[in-house]
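Heads up: the sequence shown at position 97 corresponds to 102 in this note's numbering, and the numbers run straight through without jumps.
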Amino acid sequence: MGYSSHLAVRAFDAAVTPGGTAQADQALQLYYGQLALNLLYMPVFFVAKQKEVGLAHLLALTGTVTAMTVKMHGLSTPFSTTWFLAPYCAWLGYATYLNGGYVFLNR
């Protein structure tokens, strides 16, 4: 994930058109947004024990990371950032499944 953000910054710096700069900027905004969501998830789920809020939070995180992956896929980079982000997307899908199962089975 960190290397993908590095490639996005390099694509932003190397962009010669406003469209390329805008796409890299949007990808980086999604990157920093998902970092904030990721940072806030654990206190909500584990410390505050707000399982339903944690599930909604994790769904938002999964959507943000998926959008970030799509945006970074379209960047002009020497390596496809998609392959660096695919394991994170898979992990978030699994974590969402586990969190959803925990919420729905413990009602």
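Ideal Cβ positions, reconstructed from N, Cα and C, are used throughout, including at glycine. Predicted model, so just to flag it, every value in this text is computed and none were measured.
Given a length threshold of 4 residues, each whole run of the alpha helix (DSSP H) inside the stretch 24-81 is given here in chain order: 56-78. The stretch 9-17 makes contact with the stretch 74-92; the number of CB pairs closer than 8 Å reaches 3 or more. Between the alpha carbons of Q55 and F109 lies a distance of about 13 Å.
Selection V75, G68, A29 and F51 evaluated against A16 yields A29 as nearest (Cα-Cα). Residue Y36 holds the alpha-carbon nearest to the alpha-carbon of A72 among W88, G7, D18 and Y36.
Relative to the Cα of L40, the nearest Cα in the group V49, T26, A95 and L66 belongs to L66. Residue burial annotation: A32 is buried, with at least 16 other C-beta atoms found within 10 angstroms of its C-beta. Spanning the alpha carbons of W88 and V70 requires a straight line of approximately 13 Å.
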